[in-house]
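K.L.:
Following this message is one structure expressed as C-alpha cells.
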Amino acid sequence: MADNKVNIYVGATSLRTCLGNKAETMVAMRNNESGLKYNESFSMHVGAANIKEIDGYTRFESFLIEQLENVLAESGIALSNPETQLIVSTTKGNIDLLAEDSENISERAFLYSSVMHVASSFGCAREPIVISNACISGVSAFVVAREWLLSGKCQHAVVVGCDVLSEFITTGFASFKSISPQPCRPYDAERDGLTLGEAAGAVVLTTDVTLVNGASIRLAGGAITNDANHISGPSRTGDGLYYAISNAMLEAGVGIEDIGFVNTHGTATRYNDDMESKAVAWAGLCDKPLNSLKGYIGHTLGASGVVETILSIEQLRQRFIYGTHGFVSSDTTHALKVSSAEQPITHPCCVKTASGFGGCNAAIVLDMHPTSRSYIRSTRTCQVVAEYSLPQSDVSFAEFIRAEFKTLGQSDMKFYKMSDMSKGLYIAVERLLAKEGWDNVAPTRRAIVLANRSASLDTDLAHQQVVNKRLPEGASPAIFVYTLANVSAGEMCIRHKIQGDNTFFVEEKETGLAEEYARSLIETNRADAVICGWCEYLKGNWNISIKLLKHI
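In C-alpha cells form, the structure reads like this:
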C-alpha cells in the first residue's frame, strides 16, 4: 500500500530551446535576448532549435534522446529500473512524416510507436505513458506523474516533452489567423498573435530526496480542468483555468500568501491573455509577479509545459523571475504584475499554468517549503455504473453514423461539422448517459479520460492533403482544430458540461490505462463521475468502447 505521506521532489532537469541548452537559454533570458527569428521556409517568425539528428531516429526522436540521456546521466536512475516510469508529452510527434506520403501512414507517425522506438534504446522496463492533450500536454504529464508516484505505482518518473516545427503545424495555426507578423508580445496592449517554437525538456521526479542535488523543490499539487466553452476559443470568464489553479493550490496546501510568482501560458493572442487575467484575478493572484516566457522561445506546444516548468524551477532557485519579453503596457481586463524587467520573488512557491484547444486547462504548484507539508491522500471507492460500445456495421461509417444520429431525434447541427472520431464519441456518450445519468453531479466534479492508438491521425491526413495542395486560401481551420485528439473529448465537455479532468492517452493497444487513471480521480476525491475508455477511429474503422464510473 502507498504511504499516505509522500513528497514528490524535482531531480535532474534538462532542456533545449531556440536559445540553446538549459544554461544557454537561461543566460539569454537574463540578457533579455529572444530566439525568435523570421524563417523563410515557414514565412513567419519562429523559435527554431538546433539538434543533431541521430542515425536511425527522426528529429523529434533525437530531441527526446538528448534530453533523456542528460537527466538519466545526472540523476543516476535508469529506465530499465522497474520503479521508473517514462511519461512523454507531445501534440504531434513525428507528424512531418505525413508530408512524405499523405496517403499512407508511416508506423513512426503513430505517437506510441515513435516513443517506443526511443524507449527501447534505453531498455525501458515499463510501458511508457504518452499524453497528447493539446498545449497542456506537458503540465498534464506532471499531474499524471504525480498521481503515479503518490499511489506507489513507481518511485521515480521521468517526464519528457517535445514538439518540433513543421509545415503541418505552421499552416494550421496560420489558418486561425493567430500568428503575429512579428515576435509575440505576451500581455502587451499591442499584442496581435502568437509565435511558434520548438523545444524539448526532461525532468526527473522522485520520492527519494537523496537523489536531489541542492535545495529541494517539490511538485506539491496539480489539477486539470475544462472550461466547456469552445473547442478553439478561450473561456469568456476564465472559470476553467481558475478551477485548475485553485484545485492545484488546495492540493498543495498553499494559500495566496504563499505564492511567490505565476508563470502562465501567455500566448500573446488577444483572448488568451485576457482570459488568463480573469482567472488569475479570480484566484486572488493579481499582485503576484507574473511572466510569460513565449517572447523568448515561442509557443512550443506539447513541450511548453515541460520546458517552462523547468525554467520556473530555476527561477525559484534564483529568487527572481525573468521579464516578459516584448511587454510594454497591458490592456487586459484585470491588471497583472507583468514587467519586461526581472522581478524578485519573496516566497519560494509558484503556480505554473497552461491552456489549450478543446477547452483544456492545467496548473501545478512548485514549492521549496519544508517537507512537513506532505500531501495526505483521501481514499474512496467507485464502480462502473454503465457501459457502451459503438456497434460495428457493414455500411460505411458516414452512412452508419448519420443513421445513429437520426435515431437520437436531436437537431444539433454542430454534429455534422465534427471529425468522424468526434461523431462516434458523440453517439457513444449519448447512449452511455441514457443508461445512467449524472445530473446530480456538479460540472466541476465530472471528468472524461480517453485513450486510443492513432491519436488524431485520420484528421491529420486530411489536413496534410490540404497543405500539400498549396491552395491560395491556405489550410482549413475547421479541419486543423480536429488534428488534436483531445478535441473530441472537448466536444463532449461542451455538450455535457464536463469541467473536471479531461486527459487523452495514446497507447499501442487498449490496456485499461484510461480507466485506471479515471478510478484514481474518484478514489482521491478529484471527481465524482468519470466517462472513460477507448476511442479509436482511423480510415473508416472504429472501436469506441466507454464506461461511466461513479463514486459510491
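With the sequence shown counted from 1, adding 8 to any position gets you our numbering.
Glycine included, C-beta positions come from ideal geometry on N, C-alpha and C.
Keep in mind the model is a prediction, meaning the values are calculated, not measured.
1) Ala455: which of Ile487, Ser430, Gln326 and Glu523 sits nearest, CA to CA?
2) When burial is assigned at 16 or more other CB atoms within 10 Å of the CB, is Ile560 buried or exposed?
3) Identify the continuous alpha helix (DSSP H) that holds Met421 and give its terminal residues.
4) Taking the alpha-carbon positions, what's the Ala10 to Arg116 distance?
5) How do the segment 162-169 and the segment 503-523 stand: do at least 3 beta-carbon pairs fall below 8 angstroms, yes or no?
6) Could I get the ranges of all uninterrupted beta strand (DSSP E) runs contained in the segment 503-546, with 3 residues as the minimum, in chain order?
7) Quick check: the Cα distance between Val54 and Ser312, rounded to an integer number of angstroms?
8) Is Asn510 close to chain B, meaning its C-beta is less than 7 angstroms from at least one C-beta of that chain?
9) Would you tell me roughly how many angstroms separate the C-alpha atoms of Ser4 and Pro399, rounded to the nearest one?
10) In the DSSP assignment, what residue or residues form a beta bridge with His53?
11) Considering only residues of the same chain and omitting the five flanking positions on each side of Ile409, which have a CB-CB separation below 6 angstroms?
12) Considering just the uninterrupted stretch of the alpha helix (DSSP H) at Arg325, what are its terminal residues?
13) First and last residue of the alpha helix (DSSP H) that includes Gly146?
14) Below 8 angstroms CB to CB, which residues in the same chain sit around Arg244 once its five sequence neighbours on both sides are set aside?
15) Let me know the secondary structure DSSP gives Ser380 once reduced to three states.
16) Which same chain residues, not among the five before or five after Ser70, have their C-beta less than 8 angstroms away from its C-beta?
17) Roughly how many angstroms separate the alpha carbons of Ser380 and Leu76, rounded to a whole number?
18) Which runs of the beta strand (DSSP E) fall wholly inside the segment 436-493 and span at least 3 residues, in chain order?
19) Do you know how far the Cα of Asn39 is from the Cα of Ala57?
20) Would you kindly check if the distance between the Cβ of Thr308 and the Cβ of Ala207 is under 7 angstroms?
21) Only counting runs of 4 or more residues, tell me where the alpha helix (DSSP H) segments fall wholly within the segment 230-275, in order along the chain.
22) Grab the span of the beta strand (DSSP E) containing Lys100 for me, first residue to last.
23) In angstroms with no decimal places, state the Cα-to-Cα distance between Ala289 and Ser110.
24) Who are the Cβ neighbours of Tyr525 in its own chain at under 6 angstroms, not counting the five residues just before and after it?
25) When the Cα atoms are used, what is the spatial distance from Ile552 to Glu544?
26) Using 10 angstroms around the beta-carbon of Ser128, count the other beta-carbons present and answer buried if the total reaches 16, otherwise exposed.
27) Threshold first: 4 residues or longer. Then list the alpha helix (DSSP H) segments lying entirely within the segment 164-234, N to C.
28) Could you give the residue range of the alpha helix (DSSP H) that holds Leu374?
29) Are there 16 or more other CB atoms within 10 angstroms of the CB of Tyr251, so buried, or fewer, so exposed?
30) Candidates Glu515, Glu32, Ile103 and Thr99: which alpha carbon is nearest Arg67's?
31) What first and last residue would you give for the beta strand (DSSP E) that runs through Arg24?
32) Check each candidate in Val392, Leu258 and Glu316 and name the one with the smallest Cα separation from Thr275.
33) Under the assumption that Arg24 contacts Glu74 (Cβ atoms under 8 angstroms), give the Cβ distance between them as a whole number of angstroms.
34) For the 8 angstroms Cβ check, are there 3 or more pairs between the segment 39-48 and the segment 84-96?
35) Does the separation of the CB atoms of Ile85 and Leu227 fall below 7 angstroms?
36) Roughly how far, in whole angstroms, is the beta-carbon of Gly230 from the beta-carbon of Ile372, given that I think they are within contact range, below 8 angstroms?
P.N.:
In this structure, then:
1) Residue mapping note: residue 455 aligns to position 447 of the sequence shown, counting from 1. Among Ile487, Ser430, Gln326 and Glu523, the Cα nearest to that of Ala455 is on Glu523.
2) As a working mapping, residue 560 is identified with position 552 in the sequence shown. It counts as exposed.
3) Position 413 of the sequence shown, counted from the start, is the residue given in the question as residue 421. Counted as a single uninterrupted DSSP element, the stretch harbouring Met421 is not any alpha helix (DSSP H), since DSSP gives it neither H nor E.
4) On the sequence shown, position 2 is the one that residue 10 refers to. On the sequence shown, position 108 is the one that residue 116 refers to. Only weak support is given to the placement of Ala10: the predicted model assigns it a pLDDT of 44, under 50, and the value that follows is read from those uncertain coordinates. A direct Cα-Cα distance of roughly 36 angstroms separates Ala10 from Arg116.
5) Short answer: they don't touch.
6) Segments of the beta strand (DSSP E) lying fully in the segment 503-546: 510-514 and 537-546.
7) Taking the first residue of the sequence shown as 1, we reach residue 54 at position 46. Taking the first residue of the sequence shown as 1, we reach residue 312 at position 304. Per the coordinates, the alpha-carbon of Val54 lies some 14 angstroms from the alpha-carbon of Ser312.
8) Given the protein chain composition of this structure (a single chain), no chain B is represented.
9) This structure does not reach residue 4, given that the chain is present from 9 up to 560, and the question cannot be answered.
10) To locate residue 53, count along the sequence shown from 1; it is residue 45. Per DSSP, Tyr46.
11) Walking along the sequence shown from the start, residue 409 turns up at place 401. Excluding sequence neighbours, Ile409 sits near Lys431.
12) Taking the sequence shown and counting its residues from 1, one reaches residue 325 at position 317. Segment Ser312 to Gln326, the alpha helix (DSSP H) holding Arg325.
13) For the purposes of this step, residue 146 is taken as residue 138 along the sequence shown, with counting starting at 1. Counting along the chain, the alpha helix (DSSP H) containing Gly146 begins and ends at Ser145 to Leu158.
14) Counted from its first residue, the sequence shown places residue 244 at position 236. So the list reads Asn237 and Met283, once near-sequence residues are dropped.
15) In the sequence shown, residue 380 corresponds to position 372, counting from 1. With a pLDDT of 47 at Ser380, under the threshold of 50, the modelled position of that residue is not reliable, and the figure given next carries that caveat. Helix.
16) Along the sequence shown, one-based indexing puts residue 70 at 62. Once the five neighbours on either side are set aside, the close Cβ partners of Ser70 are Ile59, Lys60, Glu61 and Ile62.
17) Here residue 380 corresponds to residue number 372 of the sequence shown, with the count starting at 1. Here residue 76 corresponds to residue number 68 of the sequence shown, with the count starting at 1. Model confidence at Ser380 stands at a pLDDT of 47, short of 50, so the residue's coordinates are unreliable; what they give is reported in the following sentence. Each residue's Cα considered, the two are about 31 angstroms apart.
18) Qualifying beta strand (DSSP E) stretches, in chain order: 454-460.
19) The residue you call residue 57 lines up with position 49 of the sequence shown. The residue you call residue 39 lines up with position 31 of the sequence shown. A direct Cα-to-Cα measurement between Ala57 and Asn39 gives close to 19 angstroms.
20) Here the question's residue 207 lines up with position 199 in the sequence shown. Here the question's residue 308 lines up with position 300 in the sequence shown. Yes, the pair counts as a contact, with Cβ atoms nearer than the cut-off.
21) If we require 4 residues or more, the alpha helix (DSSP H) runs fully inside the segment 230-275 come out as 247-260.
22) The residue you call residue 100 lines up with position 92 of the sequence shown. From DSSP, Lys100 is part of no beta strand (DSSP E); its letter is neither H nor E.
23) Numbered from 1 along the sequence shown, position 281 holds the residue referred to as residue 289. Numbered from 1 along the sequence shown, position 102 holds the residue referred to as residue 110. When rounded, the distance between both Cα atoms is 45 angstroms.
24) As a working mapping, residue 525 is identified with position 517 in the sequence shown. The residues are Val457.
25) If you number the sequence shown from 1, residue 552 lands on position 544. If you number the sequence shown from 1, residue 544 lands on position 536. Looking at the backbone, the Cα of Ile552 and that of Glu544 are separated by about 6 angstroms.
26) For the purposes of this step, residue 128 is identified with residue 120 of the sequence shown, where counting begins at 1. When all chains shown are included, Ser128 counts as exposed.
27) For secondary structure counted as the alpha helix (DSSP H) over 4 or more consecutive residues, the segment 164-234 holds these complete runs in sequence order: 175-183.
28) As a first step, residue 374 is located in the sequence shown; it is residue number 366 there, counting from the start. Premise fails: Leu374 lies in the beta strand (DSSP E), Cys368 to Asp375, not in any alpha helix (DSSP H).
29) As a first step, residue 251 must be located in the sequence shown, where it is residue number 243. Taking all protein chains shown into account, Tyr251 has 16 or more neighbouring C-beta atoms within 10 Å of its C-beta and is therefore buried.
30) The residue labelled residue 67 in the question sits at position 59 within the sequence shown. For the options Glu515, Glu32, Ile103 and Thr99, the alpha carbon positioned closest to that of Arg67 is the one of Ile103.
31) Within the sequence shown, residue 24 is the residue found at index 16, counting from 1. Element bounds for Arg24: Tyr17 to Thr25.
32) Counted from its first residue, the sequence shown places residue 275 at position 267. Comparing C-alpha distances from Thr275 to each of Val392, Leu258 and Glu316 shows the shortest one belongs to Glu316.
33) By one-based count along the sequence shown, residue 24 stands at place 16. By one-based count along the sequence shown, residue 74 stands at place 66. Yes, Arg24 and Glu74 are in contact; Cβ-Cβ is about 7 angstroms, under 8 angstroms.
34) No, the segment 39-48 does not touch the segment 84-96.
35) By one-based count along the sequence shown, residue 85 stands at place 77. By one-based count along the sequence shown, residue 227 stands at place 219. Note that the C-beta distance between Ile85 and Leu227 is not below 7 angstroms.
36) On the sequence shown, residue 230 is found 222 positions in, with the first residue counted as 1. On the sequence shown, residue 372 is found 364 positions in, with the first residue counted as 1. In this structure Gly230 touches Ile372 by the C-beta definition: roughly 4 angstroms separates them, less than 8 angstroms.
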